[in-house]
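Undergrad: Sharing a structure below in structure tokens format, with a few things to ask.
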Amino acid sequence: MSDISFEYNVPVFAGAPDEGTEPTHRDTPEYEALDWETTKMGVQKAEELGFDAVWAPDHLLLGRDHAEYECWTLLSAIAGFTEDINLGSLVLCNDYRNPALVAKMAATLDVISDGRLELGLGAGWHEPEYDAYGWEYRDGFERLMRLDESIRLMKRMWAAGTDGASFDGKHYQIEDAYCVPGPVQDPHPPILVGGQGEEVTLKLVAKHADVWNTDVFNGDVETLEHKIGVIEDHCETVGRDPDEIEYSWDGHVICTRDEEKFDRLLDLMTPIQFEAEYQDQAPIVTEEDAREYFIMGTPEECAEAIERRIDAGVTKFQGWFIDFPDTDGMELFADEVIPQFS
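Numbering (the UniProt record's numbering), first residue to last: 1 to 342.
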């Protein structure tokens, strides 16, 4: 089994409420206004505390005042002021960028970061961004088929070296496309695929991914066990060793011994009403509901929640510390939780 890694989700938008309103976004309910030095401080603190990776979501207008940092530019900047921590996209929307260009971008970032890139990819889902920026929003199956082609195209470019690569797919075509210099990591940066559809998305994971990302709302243990079982079944179908795939948990973290702070953060975070793609799941309303999905409570309670997910097969934990820009939660987590899994 792979070593257990603990990773930090970068607050790329502010989510704190205006006076008398609800929080703009549940991931950052105490971050009052997007500020580069504040976001940068969080990344530096994560590296200082020994977190293994930082991850940035690929959205364009979430959060307070629709202010948000663009994912790839942000990761490139982070590569310049960090030394050891890995850099990942959670997850890059396939429709926002040409996949041949993404292959080149990924290779370049892997080179300049000395092999620290983890490339998270997804089919895309947030229709308001498509509408706002003028991208065509296709049906879910077509978006997934485009992602499948994109991954195959990128792998071909990385493998071609100085020979150049050609690809003639239904959705994408390239001819003698070079990706030189290639990635530092051999054969390429780890590919993380996010999503939860069992028939198509998880089969795509079985075919192509090095890591499956749970998505925030697959984070309860029962769902994790079920989805991992589906992926393992798909691996048998496509002829792949399931041990080649890691499983990552992505979700909210409240780590505190202060009961008043815990209650305040829980009130800011809940209730959570699921988007249409999670229509079969009940809203997260109570503390009991939230504890099913997230890592919450004292360091001892957080460790217990992590242990349950390790037993289900998870080896990577990507956390939103929702007390940010207060760093007490991540510091306590680093001091008293992470060492239990070293």
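We put the beta carbon where it would ideally sit given N, CA and C, even for glycine.
#1: Ignoring anything shorter than 3 residues, give me the beta strand (DSSP E) runs that lie fully in the segment 201-270, in order along the chain.
#2: Does the distance between the C-beta of D18 and the nearest non-hydrogen atom of the ligand ADP fall short of 6 Å?
#3: Near A312, which residues of its chain fall below 6 Å by C-beta distance, leaving aside the five closest residues on each side in sequence?
#4: Could you tell me the boundaries of the beta strand (DSSP E) in which I191 lies?
#5: Nearest-angstrom Cα distance between A106 and E260?
#6: Quick check on DSSP: helix, strand or coil for Y69?
#7: For the putative contact between D84 and E47, defined by C-beta atoms under 8 Å, what is the C-beta separation to the nearest angstrom?
#8: Quick one: what's Q318 bridged to in DSSP?
#9: Going by CA-CA distance only, name the one from S166, E336 and F51 that's closest to T256.
#10: Pull up the distance between the alpha-carbon of R240 and that of E232, whole angstroms please.
#11: So for Q185, helix, strand or coil by DSSP?
#12: Between L202 and V230, is the Cβ-Cβ spacing less than 7 Å?
#13: Between F324 and D163, what straight-line distance do the alpha-carbon atoms span, to the nearest angstrom?
#14: Please confirm if the segment 140-158 is in contact with the segment 88-97, defined as three or more CB-CB distances below 8 Å between the two stretches.
#15: Once the 5 residues before and after H25 are set aside, which same chain residues still bring their CB inside 7 Å of it?
#16: Using DSSP bridges, identify the partner residues of I174.
#17: For the putative contact between P183 and D110, defined by C-beta atoms under 8 Å, what is the C-beta separation to the nearest angstrom?
#18: Which residue's Cα is closest to the Cα of G80: E68, K104 and L117?
#19: Express the C-alpha separation of V180 and E300 in angstroms, rounding to a whole number.
#20: Taking all protein chains shown into account, decide if M1 is buried (16 or more other Cβ within 10 angstroms of its Cβ) or exposed.
#21: If I'm right that G329 touches Y293 with Cβ under 8 Å, what's the distance once you round it to whole angstroms?
#22: Quick test of your reading: I322 and P128, contact by CB under 8 Å. State the CB separation rounded to the nearest angstrom.
#23: State yes or no: is the C-beta of I4 within less than 7 Å of the C-beta of T298?
#24: Pull up the distance between the alpha-carbon of Y8 and that of P57, whole angstroms please.
TA: Concretely, from the data shown:
#1: Fully enclosed beta strand (DSSP E) runs of 3 or longer: 211-213 and 246-255.
#2: Ligands in the displayed structure: none, and consequently the ligand ADP is not present.
#3: V221, L224 and E225, listed in sequence order.
#4: Looking at the DSSP string, the run of the beta strand (DSSP E) that includes I191 is I191 to G194.
#5: Going by the C-alpha atoms only, they are around 44 Å apart.
#6: In the three-state DSSP reduction, Y69 falls in the coil class, being neither helix nor strand.
#7: The pair is a contact, with the Cβ atoms about 6 Å apart (cut-off 8 Å).
#8: Listed as beta-bridge partners of Q318 by DSSP are E7 and D250.
#9: For the residues S166, E336 and F51, the minimum Cα distance to T256 belongs to E336.
#10: One Cα belongs to R240, the other to E232, and the distance between them is close to 9 Å.
#11: If DSSP states are grouped into helix, strand and coil, Q185 belongs with coil.
#12: A contact, by the Cβ cut-off of 7 Å.
#13: Rounded to the nearest angstrom, the two C-alpha atoms are 47 Å apart.
#14: When Cβ pairs closer than 8 Å are counted between the two stretches, the segment 140-158 is seen to touch the segment 88-97, the count reaching three or more.
#15: The residues are F13, G15, L62 and G63.
#16: Beta-bridge annotation (DSSP): I174 is paired with F167.
#17: Their Cβ separation, rounded to whole angstroms, is 4 Å, which keeps P183 and D110 in contact under 8 Å.
#18: Cα-wise, what sits closest to G80 is L117.
#19: The straight-line gap from Cα to Cα measures roughly 48 Å.
#20: Reliability fails at M1, whose pLDDT of 36 lies under 50, so the model's placement of it is uncertain and the value that follows must be treated cautiously. Answer is exposed; the Cβ neighbour count stays below 16.
#21: Distance from G329 to Y293 at the Cβ level is roughly 17 Å; contact not present, criterion being Cβ atoms closer than 8 Å.
#22: Actually they are not in contact, since the Cβ atoms of I322 and P128 sit about 23 Å apart, beyond 8 Å.
#23: The answer is no: Cβ separation not under 7 Å.
#24: For Y8 and P57, the gap between their C-alpha atoms comes out near 11 Å.
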